[in-house]
Structures are given as structure tokens and as C-alpha cells.
Amino acid sequence: MKKIFILSVLVFFTIGAQATKGNKDLITIQITPDHYDWNYKIGEPAHFTISLFRDQQKLNNIKIEYAVGPEKMVPIQKDSVLLKNGSVTIKSPGMQQPGFLSCEVRATVDGFSYRNLINIAYDCEQIRPTTLLPKDFRSFWDDQICRMREYPMKSEMTFMPEESDADVKVYRVKVTHYIRGNYLYGILCIPNKEGRFPAVLRLPGAGVAKHTGDKELARLGVITFRIGIHGIPLDLKAEAYGSLQFGALKDYMYHRMNDRENYYYNRVFLGCIRANDFLTALPQYDGKNLAAYGGSQGGALTLVTAALDSRVKYLAAFYPALCDIGGYAHNRAGGWFGVKELTPEETKVLAYYDVVNFARYIRIPGFYSWGYSDETCPPTSFYSAYNIIKAPKELYLLKETGHWRYPEQNIKVNQWLIDKLTGK
Numbered sequence: 010m011k012k013i014f015i016l017s018v019l020v021f022f023t024i025g026a027q028a029t030k031g032n033k034d035l036i037t038i039q040i041t042p043d044h045y046d047w048n049y050k051i052g053e054p055a056h057f058t059i060s061l062f063r064d065q066q067k068l069n070n071i072k073i074e075y076a077v078g079p080e081k082m083v084p085i086q087k088d089s090v091l092l093k094n095g096s097v098t099i100k101s102p103g104m105q106q107p108g109f110l111s112c113e114v115r116a117t118v119d120g121f122s123y124r125n126l127i128n129i130a131y132d133c134e135q136i137r138p139t140t141l142l143p144k145d146f147r148s149f150w151d152d153q154i155c156r157m158r159e160y161p162m163k164s165e166m167t168f169m170p171e172e173s174d175a176d177v178k179v180y181r182v183k184v185t186h187y188i189r190g191n192y193l194y195g196i197l198c199i200p201n202k203e204g205r206f207p208a209v210l211r212l213p214g215a216g217v218a219k220h221t222g223d224k225e226l227a228r229l230g231v232i233t234f235r236i237g238i239h240g241i242p243l244d245l246k247a248e249a250y251g252s253l254q255f256g257a258l259k260d261y262m263y264h265r266m267n268d269r270e271n272y273y274y275n276r277v278f279l280g281c282i283r284a285n286d287f288l289t290a291l292p293q294y295d296g297k298n299l300a301a302y303g304g305s306q307g308g309a310l311t312l313v314t315a316a317l318d319s320r321v322k323y324l325a326a327f328y329p330a331l332c333d334i335g336g337y338a339h340n341r342a343g344g345w346f347g348v349k350e351l352t353p354e355e356t357k358v359l360a361y362y363d364v365v366n367f368a369r370y371i372r373i374p375g376f377y378s379w380g381y382s383d384e385t386c387p388p389t390s391f392y393s394a395y396n397i398i399k400a401p402k403e404l405y406l407l408k409e410t411g412h413w414r415y416p417e418q419n420i421k422v423n424q425w426l427i428d429k430l431t432g433k
């Protein structure tokens, strides 16, 4: 009975309230591969059937342009064709190595441009990283964590009555971090009842933005701590974040890529550990059940945290970024942030920050969810990490999705976390 109630609450709070694809275009370009499961064997040809729809009816006599090739690489086929009888089928020779084959279609109708892209998989379970593991990878990060903890943790919690309600207490949190004058900021949500509770560290996607607390999970009996990564307060006016996004913090992911100890993500990765230091010190924490959860950049930080912090017992990651960053140097798609040319020193430094190398150290159960057609975090990149994880893995695959997710995915992940953390 409890499980039915929890699922109904998850549906109520999640449907329509999370990151989804949004409104459809007036004209829909439908690309349908000839394999129902979108999976192919190396060397196997593929057929793509292309149709254009308006008001759910096929359009005729429309010129389309198509390009087919390994994702993010130069197309091996590129041409235009006139749609007759509402559809056209394109044949591709396929791929000769594990990876993803893209089919991109463009069309102009009544002066408006439309585009769609899908990826199909070629033995994607065989994809392996191109990034090498430094011999001192683990010792480097152990030393970095020790260095951070030389600076004592102090925290401030400010109650937010305007965000709190009968079920959840919400706090603005400020934690000392890294060096004097540097802080970690987050929003803490605690169930408003007596007891001790499991906890979830919520990790952010890329960019500079104001973050709100995860009250949804807190209503179900879980402490949540959603953090920012840039060392700036989370209660600034909206225009302040825009100014930072396109000003001082523009392209932050490239900052000091040639400096192993001072690369931008050094402080960020360590901030995830510091956030857990704060969470696990809370008197309301149950002392044993801690999870990390995020998507995109947050998915990357989730895997990093799970690898570095043995206090984390479960992880949930959507389409993780920062996987096999140097893939482009090997003529295949690399992970976000899409660096196509690296100096030897940058390649050396980024190996210490590449999520594939953290994935090698993951030993806890994980929930993973993504699609094949992600153009921000190419699936070639995150499969290179996923395939080398030796821990128990549950994958909720929705092949047509890109760098977005359906509400059902959010319901699934929350239910998985509740099941693992509370046993309900």
C-alpha cells in the first residue's frame, strides 16, 4: 500500500514539472530505421525511411536534404531527394566499428526550416574509451581530497519560510570549501517530521543558474541537498546569473585545462565531496543511506562522486557529460564539452578529469537513463564509460530521446531511489 501511495505522489509532482522535449514543430520529420530496436551488427547495412507530417498526415512533393555518417563526424552520404508518395527510404552501408550512425534530415516548408536527427547503434556494448588511465590517477585524487580537508568545514544554514511547507523544511546553505574565502552553496530540504532519513546529493547540469531545492524527494522521506558548482550564492537576482554565464564564467569548462591542480573542475569535483561532508554530518541523516543524482554535467559529477566517496551507496545518472573527452582525436565523437583539438599537455591533464577513468572505480548499484540521439553528450562518449562499469547497472533506455527526458524517466528514477534508500 505504501508503494502505491509513493508512486501516485511521484506522478503528481513529476508529470509536467521536469525537463522534457516541449512543444512539437508544426512539421514533423519522422526518421524510422529498419530495425525495431535501433540496434545493428558491425558491417550490417541500415535503411532509414523518411516521412514529413503535418496534422498527422504525410506531405508529398517536398524536397529533403539528408546526411548519414558516424555521429559528429563528416557524413559518408549526403544528398537531396523529392518525397513522393509521402516517404523515401535511404540505404546506408552501416559501420565497420562499434559506435553510432547518424541520419540527419532537413526540409523547408512554406518558407520555414525543419530538422531532425536520429542515431542508431552498432554493437554499442563494445564501445571502449580512447582515454588512458594515468598510473597515479587514484593517488592524485586521494591527495586532492586530503588537501581540501586541511581547510576545516564550517556551515551556515538559513531557514527559508517562503519555500518551506507542512511537509518539508528548506534551508539556504553556505559551506566553507577548498581555500579561505571560497564557499559551496546549496539548497537543503529536510522532511518536516521526527526521525533520521536517507539523503540524496543533487548535482547540477552545465551553466550558471539559480537552483531550487528538491522538495519532491523530501516529501517522500529523503533529505536532499542541491548544490551549485561556481561558488556563488543561489539567491541572486536572475540577471546576475545571466551576466556571469556570458561574462566571468563564460566557457568555464576550458579554464586552465593545462594545469592539473588548478583546472576549473578540480574545485568542482572536490565540492561534491565537501557537500557529502556536510550532508553526512547532519543529525537528521540516518548514517548509512546516501545517493548521488544528476544529469549531463550533473551525471558526470554523479559518477565522479560515486567513484571518489565510499559513503555513496547508490547513484542515478542521466546522459553523463565529460566522458572520453579526447575521442575526437581518435576520429570519433568525444564527450561534452566537445574539444576537437587538444595540446599534449591538455590531453594529459584532462585524463585526470575524464569520467571514463572514474567509471573504472565505481562499485555501487546505479540507475542510468538516456537515448541514442543526444547531440550534446554523444552516446559514443557515455557508452565508453557505461561499458567499463563493473557494478550492478539498471539502464532505462528510450532510444529516440536526445538531451532531454520524458516525465516518465523522472518518475522511474525517483521510484528507484526511494526503493534503494528506504526499502519501501
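Numbering (the working numbering), first residue to last: 10 to 433. Using N, Cα and C, we set each Cβ at its ideal position, and we do this for glycine too.
By a C-beta neighbour count over all protein chains shown, 10 Å radius and 16 as the cutoff for buried, is Q27 buried or exposed?
Residue placement at Q27 cannot be trusted, given a pLDDT of 36 that sits under 50; the coordinates are not used to answer.
Going by the CB atoms, is the gap between G344 and F391 shorter than 8 Å?
Their beta carbons are under 8 Å apart, which means F391 touches G344 by this criterion.
Use the C-beta contact count for L288: other C-beta atoms within 10 angstroms, 16 or more gives buried, fewer gives exposed.
Around the C-beta of L288, 16 or more other C-beta atoms lie within 10 Å, and the residue is accordingly described as buried.
Does the structure place the region 310-324 close enough to the region 362-382 that three or more beta carbon pairs sit under 8 Å?
At 8 Å Cβ cutoff, the stretches touch.
Just how far apart, CA to CA, sit R181 and K81?
One C-alpha to the other measures close to 41 Å.
Pop quiz: I195 and A284 are said to be a contact at Cβ under 8 Å. What is the actual Cβ separation, rounded to whole angstroms?
It is Gly, not Ile, that sits at residue 195 in the sequence shown. Sure, about 6 Å apart at Cβ, within 8 Å.
Taking the beta strand (DSSP E) that P353 belongs to, which residues open and close that run?
Annotation for P353: no beta strand (DSSP E) segment contains it, though the alpha helix (DSSP H) segment containing it runs 353-359.
According to DSSP, is I196 part of a helix, a strand, or is it coil?
In the structure shown, I196 adopts extended strand secondary structure according to DSSP, grouped into three states.
Limits of the unbroken alpha helix (DSSP H) element including T431:
416-431 is the span of the alpha helix (DSSP H), which, as asked, contains T431.
Out of curiosity, what's the CA-to-CA distance linking A218 and R414?
One C-alpha to the other measures close to 20 Å.
Which value, in whole angstroms, describes the spacing of the CA atoms of L61 and S89?
When rounded, the distance between both Cα atoms is 14 Å.
Taking 8 Å as the cut-off, decide whether the C-beta atoms of L245 and G222 are in contact.
Their beta carbons are not under 8 Å apart, which means L245 does not touch G222 by this criterion.
When we look at the beta-carbon of N423 and count the other beta-carbons within 10 Å, is it buried (16 or more) or exposed?
With 16 or more other Cβ atoms within 10 Å, it is buried.
Look at the alpha carbon of A249 and the alpha carbon of P242, and state the distance between them as a whole number of angstroms.
Those two C-alpha atoms are separated by around 10 Å.
When DSSP builds the beta bridges, which residues end up paired with D88?
D88 is bridged to Y75.
How would you label K178, buried or exposed, when you count the other beta carbons within 10 angstroms and need 16 or more for buried?
Buried, by the Cβ-count rule.
Are the beta-carbon atoms belonging to S474 and E409 less than 8 Å from one another?
Because residue 474 is not part of the residues shown, which for the chain are 10 to 433, the question remains open.
According to DSSP, which residues form a beta bridge with W413?
In DSSP, W413 forms no bridge with anything.
Ranges of the beta strand (DSSP E) found wholly within the region 135-177, counting only runs of at least 3:
Listed in chain order, the complete beta strand (DSSP E) runs (minimum 3 residues) inside the region 135-177 are 164-168.
From the DSSP output, which residues share a beta bridge with K402?
Paired residue(s): G375.
Length of the line joining the Cα atoms of A175 and D295:
Between A175 and D295, the C-alpha separation is close to 21 Å.
Any alpha helix (DSSP H) of 4 or more consecutive residues that is wholly inside the region 255-299
Every alpha helix (DSSP H) stretch that sits fully inside the region 255-299 and reaches 4 residues is listed by chain position as 273-290.
In the DSSP assignment, find the alpha helix (DSSP H) that holds N366 and state where it starts and stops.
Residues 364-368.
For Y273, count the other beta carbons within 10 Å of its own beta carbon; 16 or more makes it buried, fewer makes it exposed. Which is it?
In summary, Y273 is buried, with 16 or more beta-carbon neighbours lying within 10 Å of its beta-carbon over all protein chains present.
V83: buried (16+ other C-beta within 10 angstroms of its C-beta) or exposed?
Under a 10 Å Cβ-count criterion, V83 is classified as exposed, with fewer than 16 other Cβ atoms of the shown protein chains found around its own Cβ.
Which of helix, strand or coil DSSP assigns to V231
Here V231 carries a coil assignment [DSSP, helix/strand/coil].
By the three-class DSSP mapping on this structure, what secondary structure does G31 have?
Annotation note: pLDDT 49 at G31 (below 50); position unreliable, no value reported.
If you follow the beta strand (DSSP E) that P207 is part of, which residue opens it and which one closes it?
For P207, the enclosing beta strand (DSSP E) stretches over residues 206-212.
Cutting at 8 Å between CB atoms, please list the residues of its own chain near I36, excluding the five before and the five after it.
Only L61, F62, R63, L68, A116, V118, F121, Y123 meet the Cβ criterion.
Since V118 is in the beta strand (DSSP E), which residue starts that stretch and which ends it?
108-118 is the span of the beta strand (DSSP E), which, as asked, contains V118.
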